[in-house]
Structure formats: C-alpha cells, structure tokens
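Down below is the structure, laid out as structure tokens.
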Amino acid sequence: MSNEETPASALSSMLAKQLKIEKASEELASADKKTCPICGITFADFRKGGRLGCAYDYVAFEEDLEPLLVNIHGALEHVGKVPTNLSGSPERQQRLMQLKVEMKEAIDKEDYETASRLRDKISAVESGQETVWNDDTSEQSDDDFQSEPPIV
Amino acid sequence: MKIEELANQSSEWMRGQGPESDIVMSSRIRLARNLSEFPFIRKCTPKDRLAIATSVHRALDSLPLAADSEYVDVAKLGDLDRQFLMERQLISHELSESQGARAVILDPNERFSIMVNEEDHLRLQVMQSGLDLESAWQRMDELDNQLESKLTYSFNKRLGYLTACPTNVGTGLRVSVMLHLPALVATKQIDKVFRALNKINVAVRGLYGEGSQFMGDFYQISNQMTLGKNELGLVAKVSEVVPRLIDYERKAREFLVSESRDDLHDNVSRALGILCTAKKISSEETMHYLSKVRMGVNLGLIDNVKIPTVNKLFIHTQPAHLQKLCGHKLSVTDRNIERANYLKLHLMKRPENEIN
Chain U
1 MSNEETPASA LSSMLAKQLK IEKASEELAS ADKKTCPICG ITFADFRKGG
51 RLGCAYDYVA FEEDLEPLLV NIHGALEHVG KVPTNLSGSP ERQQRLMQLK
101 VEMKEAIDKE DYETASRLRD KISAVESGQE TVWNDDTSEQ SDDDFQSEPP
151 IV
Chain E
153 MKIEELANQS SEWMRGQGPE SDIVMSSRIR LARNLSEFPF IRKCTPKDRL
203 AIATSVHRAL DSLPLAADSE YVDVAKLGDL DRQFLMERQL ISHELSESQG
253 ARAVILDPNE RFSIMVNEED HLRLQVMQSG LDLESAWQRM DELDNQLESK
303 LTYSFNKRLG YLTACPTNVG TGLRVSVMLH LPALVATKQI DKVFRALNKI
353 NVAVRGLYGE GSQFMGDFYQ ISNQMTLGKN ELGLVAKVSE VVPRLIDYER
403 KAREFLVSES RDDLHDNVSR ALGILCTAKK ISSEETMHYL SKVRMGVNLG
453 LIDNVKIPTV NKLFIHTQPA HLQKLCGHKL SVTDRNIERA NYLKLHLMKR
503 PENEIN
C-alpha cells in the first residue's frame with residue numbers, strides 16, 4: 001500500500017513553488033495567515049505539512065486551494081458518486097458549531113427563550129430537517145425542508 | 153484470527169491467476185473517506201481517534217460485512233505483526249508506524265482491508281488477482297455503501313468527498329494495477345515508459361507504493377487525478393493504459409527470446425541456481441533473482457517451478473514473514489540464512505510435490 005508521507009512533502013513543495021510563481025509574496029503572506037474557524041489550522045500550516053486540519057478548511061481556504069486543485073486535477077468540480085446520506089457537509093458542521101456558540105451565549109445572558117429556539121434549530125440541523133449547502137444562496141429558515149432526514 | 157494464520161494461505165494477489173496474470177499481478181481499488189463529525193487526523197486528539205475507531209467498530213457490527221471480516225486493533229499489535237501485515241499489503245507503513253488509536257478491518261481471504269485512522273479516517277481497499285478493475289470497483293462500491301449506511305461521510309456537493317490531502321479530494325479513488333515488467337527493465341525501456349505515463353497523468357510507484365524502490369521489477373500504475381472524473385471514468389483511464397503496457401512488455405520479452413535466447417536462458421537459469429544453492433541471501437538479492445525466475449517461467453525457459461510458488465516466495469522471503477514462518481524473531485544475519493534455506497526447500501521441490 002502506498003506510503004503516503006512523500007506525497008505530502010511532494011505536494012507542499014509543489015504548492016510552495018507554484019504559489020510563489022502565481023502570487024506576489026505579500027499575497028502569499030496574507031493567504032498564509034488565514035485560519036480555519038473550526039480547527040484553527042493556518043494556511044501556512046497546511047502548506048508546510050501538505051495535509052488539512054478539517055473538512056471546513058475547504059470552505060475557509062476555498063480560493064487559495066483553487067490553483068492547487070487545478071494543478072493536481074485539472075478540475076474544480078466533483079463528478080461522480082454522491083452519498084445517500086447528505087448531512088455530512090462541512091458547512092453543516094460549521095453551522096452547528098455556530099448555533100451551539102450562540103446558544104451558550106444566550107444561556108450566559110439568561111435569555112432562555114432565545115436559547116430554547118436555538119436548541120430547536122440545532123436539533124433541526126442535526127436531524128437533517130434543515131440542510132446547509134454551500135451553493136444555496138438563501139439563508140436556511142426553520143420552515144425549509146430540503147431533504148429527507150438521513151438514515152443514520 | 154491469528155495474524156500468522158494468514159501466512160499459510162496465498163493472498164489474493166499472489167495467486168497468479170486471473171486475466172493477463174503473467175504480467176499483471178493484481179488490481180487494486182482504494183477509497184478515502186472521513187467522518188463528518190471529526191476533524192481530519194492531523195487535528196484529532198487521542199480522544200477523537202478513539203471515538204472514530206469506536207464509531208467505525210460499532211457501525212461494522214451491524215453490517216453484513218461483519219460476518220466476513222475481523223476488526224484488528226493495530227495499536228495493540230507488536231512490531232512483527234504490523235510488519236507482517238505491511239508485507240502482505242493489508243496495511244500501510246503509515247498505519248503501522250503512527251501513534252494512537254488505529255485499526256484495520258481484515259478479510260480473512262485478503263480480498264479487502266479497511267484501515268481506520270490512517271491519513272484519512274477510513275481507507276478502504278479491494279484487491280483482486282490479475283487484471284479485473286471493473287469487478288474490483290463493484291465490490292468497493294458495495295463496501296462503501298454498507299459503511300455509508302451507518303456513518304456520515306464528510307462530503308460537499310462542489311468538491312465531493314473531502315479528504316485530508318487535496319490530492320485525494322472528489323472521488324477519493326485510487327485505481328492501481330501492479331505489473332511485472334522485467335523485460336522492459338532489461339531492454340532499458342522502462343524510463344521511456346515512465347515518461348509516457350506521466351504525460352497522461354498516470355503515476356508509477358514501486359512494490360510498496362510511494363517512495364519504495366522498484367524492487368523485483370514490479371511497478372504499480374495508478375491515476376493521479378481524483379477530481380473531475382467519475383469513478384468509472386477513472387477505472388477506465390487506468391484500464392486503458394494496461395493493455396498497451398502488457399503489449400510493450402510482451403514485445404520486449406519476445407525480443408529477448410528471439411535476439412538472445414541462449415543468453416536469456418542462461419541468465420534465468422543462473423538466477424534459479426543461486427536461489428537454490430546459496431547459503432545466505434538478502435531480500436534485495438532474492439527479489440532480483442526471483443524476478444528473473446518469474447520471467448523465465450512465463451517464457452517457458454524454466455519448467456520445474458510454478459508461478460504461484462514464485463509469487464508466494466516474493467512474500468515469504470520478506471523479513472516479517474520469514475520470522476513468522478519459522479516461529480520466532482531472527483537477527484538480520486540469521487534471516488539471511490533462513491531465507492536461503494526456505495528458498496532451497498521450495499524451489500527444489502518437484503512440481504507434483506509442491507504444496508499450494
């Protein structure tokens with residue numbers, strides 16, 4: 001089976017070279033500082049290790065990863081198999097985290113009405129009644145039933 | 153299942169059967185998947201890793217696939233067992249040597265293995281003797297569907313299955329075929345082949361994958377891209393290349409036979425001679441000579457040795473296998489002696505006495 005250590009270093013050196021060519025060093029420096037709000041990894045960390053920290057990195061570093069994806073795959077869109085359980089999107093994970101933070105804040109402020117509403121929203125997202133897609137431009141509302149609840 | 157029990161059987165890719173098996177050793181399909189509720193491995197805490205392994209184990213228990221497989225806690229295995237599994241290509245070097253909770257779900261017939269907590273949370277692998285990527289993909293698809301019914305995969309409509317390394321994003325699919333190309337090496341055409349393959353985005357690796365040497369004249373070819381084509385398209389891409397490679401190798405073999413049959417005959421016979429009579433021999437030397445013997449058998453120049461035996465010897469003469477087969481650990485020096493004994497024993501058998 002493949003020893004995957006070398007692809008990471010081959011990848012990061014390719015990245016380093018390619019990004020140096022395509023971006024001015026200030027652009028690269030500012031890209032490097034970007035941080036994922038979920039796992040805390042910086043783009044610089046990623047470039048060094050060749051591996052991402054969490055699925056949300058693909059959202060947080062979307063535009064910086066594009067040239068890399070084009071370089072490796074010559075493509076930016078997935079074509080092919082789709083899971084029947086579609087609740088595993090990183091946007092959903094991020095939304096859950098966001099809602100949980102808001103709920104905690106509401107509890108801290110003793111605003112229990114808001115906290116209760118947020119808790120219901122969290123259940124809705126967790127059970128799949130509310131789906132979060134990156135390509136949906138509309139904000140999800142509680143009344144939006146986008147898909148069947150996942151079979152878990 | 154005791155790990156060493158595997159030593160007594162011929163793994164799938166050693167069988168030496170299946171289509172084009174004089175040149176194609178095995179076909180393999182690999183799929184990378186991650187669970188959406190956890191970060192990628194790089195950012196997982198020990199607790200996360202344990203939770204992932206537990207989720208997978210629990211999911212497995214309720215699936216049909218559990219009946220035909222065994223969950224092996226790799227963290228609890230000793231060095232020798234881990235190396236043994238690596239030699240059989242059931243786990244990777246990374247899974248063996250990393251720290252923390254990690255496991256492999258094994259098929260006792262070695263036709264699939266599922267690594268847990270390697271570079272991605274799940275690395276599914278399906279292996280098949282000879283060239284048969286289509287049915288390998290069918291089996292993989294089914295395995296993936298089973299796991300997916302109990303777990304939530306990290307997936308994004310635009311980029312597909314999300315993986316720790318962007319080189320795997322999209323389908324997460326690596327299709328590979330392992331080929332034996334001794335004549336292309338002997339006629340010094342192998343570099344030309346590499347360049348041609350790289351031009352069409354087909355990667356070439358040695359026997360044990362990325363970074364491994366091209367031991368025994370074995371080459372694994374696989375797709376470089378995983379995003380932008382669907383799974384069957386990627387399977388087709390690799391499948392299409394193989395017949396041409398087989399053709400080149402066959403032509404190179406014919407050339408060797410027609411231009412220098414005597415030299416070739418002498419060459420492969422001497423290789424067999426050394427393997428049969430050496431008193432100590434390293435695994436590098438062994439691979440080198442076994443490769444010649446394998447070609448010799450395929451070309452009808454050696455008739456008292458069978459291909460499945462040669463295939464098996466490639467594996468059994470590896471360090472961990474030798475030690476497992478003889479029942480205890482051995483120093484390098486002792487291994488080299490043991491290896492020579494093992495080779496002599498199995499190569500000097502008469503065909504009718506050979507055990508499978």
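Keeping their order, the protein sequence lines are chains U and E. With the working numbering, the residue at position 33 of the first sequence is 33, and numbering never jumps. All you need for the working numbering is the position in the second sequence, starting with 1, plus 152. Cβ coordinates follow ideal geometry from the N, Cα and C atoms, glycine included. Quick caveat: nothing in here was measured; it's all calculated off a predicted structure.
Below-7 angstroms beta-carbon distance, residue i vs any chain U residue
i, result
"residue 158(E)", "no"
"residue 474(E)", "no"
"residue 143(E)", "Since the displayed chain E opens at 153 and closes at 508, residue 143(E) lies outside it and no answer follows."
"residue 500(E)", "no"
"residue 508(E)", "Residue placement at residue 508(E) is poorly supported in this model, since its pLDDT is 49, which falls under 50; the coordinates still yield a value, given next. Not closer than 7 angstroms to any Cβ of chain U, the Cβ of residue 508(E) fails to qualify, so no."
"residue 292(E)", "no"
"residue 206(E)", "no"
"residue 276(E)", "no"
"residue 322(E)", "yes"
"residue 155(E)", "no"
C-beta neighbour in chain E for residue i, strict 7 angstroms
i, result
"residue 72(U)", "yes"
"residue 96(U)", "no"
"residue 58(U)", "yes"
"residue 123(U)", "no"
"residue 68(U)", "yes"
"residue 55(U)", "yes"
"residue 44(U)", "no"
"residue 31(U)", "no"
"residue 48(U)", "no"
"residue 75(U)", "yes"
"residue 148(U)", "With a pLDDT of 43 at residue 148(U), under the threshold of 50, the modelled position of this residue cannot be trusted; read the value that follows with caution. Chain E contact via Cβ: absent."
"residue 3(U)", "Only weak support is given to the placement of residue 3(U): the predicted model assigns it a pLDDT of 38, under 50, and the question is left unresolved by the model."
Proximal chain E residues relative to residue i, where beta-carbon distance stays under 7 angstroms
i, result
"residue 41(U)", "195"
"residue 159(U)", "This structure leaves residue 159(U) out entirely; chain U is present only between 1 and 152."
"residue 65(U)", "318"
Residue j beta carbon less than 7 angstroms from that of residue i
i, j, result
"residue 159(E)", "residue 476(E)", "yes"
"residue 279(E)", "residue 243(E)", "no"
"residue 397(E)", "residue 408(E)", "no"
"residue 39(U)", "residue 199(E)", "no"
"residue 170(E)", "residue 284(E)", "yes"
"residue 106(U)", "residue 115(U)", "yes"
"residue 423(E)", "residue 445(E)", "yes"
"residue 454(E)", "residue 484(E)", "no"
"residue 369(E)", "residue 443(E)", "yes"
"residue 379(E)", "residue 324(E)", "no"
"residue 32(U)", "residue 46(U)", "no"
"residue 374(E)", "residue 328(E)", "yes"
"residue 461(E)", "residue 435(E)", "no"
"residue 53(U)", "residue 72(U)", "no"
For residue j and residue i, believed in contact at Cβ under 8 angstroms, the rounded distance
i, j, result
"residue 187(E)", "residue 306(E)", "7 angstroms"
"residue 179(E)", "residue 338(E)", "Contact doesn't hold; Cβ gap of about 25 angstroms is too wide."
"residue 354(E)", "residue 390(E)", "7 angstroms"
"residue 481(E)", "residue 237(E)", "Not really, about 16 angstroms apart at Cβ, beyond 8 angstroms."
"residue 93(U)", "residue 55(U)", "7 angstroms"
"residue 185(E)", "residue 371(E)", "In fact, because the Cβ distance is near 27 angstroms, the residues do not count as touching under 8 angstroms."
"residue 308(E)", "residue 90(U)", "6 angstroms"
"residue 348(E)", "residue 405(E)", "Their Cβ separation, rounded to whole angstroms, is 19 angstroms, which puts residue 348(E) and residue 405(E) out of contact at 8 angstroms."
Within chain U, the residues that residue i reaches when beta carbons sit closer than 7 angstroms
i, result
"residue 316(E)", "51, 52"
"residue 308(E)", "58, 89, 90, 134"
"residue 350(E)", "Near residue 350(E) there are no residues of chain U at all, since even the closest Cβ is about 13 angstroms away, more than 7 angstroms."
"residue 311(E)", "58, 78"
"residue 380(E)", "73, 74, 75, 77, 79"
Nearest to residue i (by Cα), restricted to the options the options
i, options, result
"residue 315(E)", "96(U), 32(U), 59(U)", "59(U)"
"residue 276(E)", "345(E), 241(E), 250(E)", "241(E)"
"residue 303(E)", "336(E), 411(E), 205(E)", "205(E)"
"residue 102(U)", "30(U), 122(U), 64(U)", "122(U)"
"residue 438(E)", "214(E), 500(E), 491(E)", "491(E)"
"residue 269(E)", "214(E), 347(E), 254(E)", "254(E)"
"residue 298(E)", "257(E), 336(E), 217(E)", "217(E)"
"residue 262(E)", "273(E), 296(E), 222(E)", "222(E)"
"residue 79(U)", "235(E), 383(E), 350(E)", "383(E)"
"residue 282(E)", "293(E), 193(E), 463(E)", "463(E)"
"residue 311(E)", "77(U), 100(U), 104(U), 84(U)", "77(U)"
"residue 326(E)", "177(E), 487(E), 488(E), 181(E)", "181(E)"
Beta-carbon neighbours of residue i, restricted to chain U and to distances below 8 angstroms
i, result
"residue 383(E)", "80, 81"
"residue 186(E)", "55"
"residue 339(E)", "Result: empty, since nearest Cβ-Cβ is about 28 angstroms, beyond 8 angstroms."
"residue 305(E)", "83, 85, 88"
Per-residue contacts from residue i into chain U (C-beta, under 9 angstroms)
i, result
"residue 300(E)", "83, 84, 85"
"residue 377(E)", "72, 73, 74, 75"
Closer than 7 angstroms at the beta carbon, the chain C residues around residue i
i, result
"residue 191(E)", "Absence of chain C from the displayed structure is noted, the protein chains being U and E."
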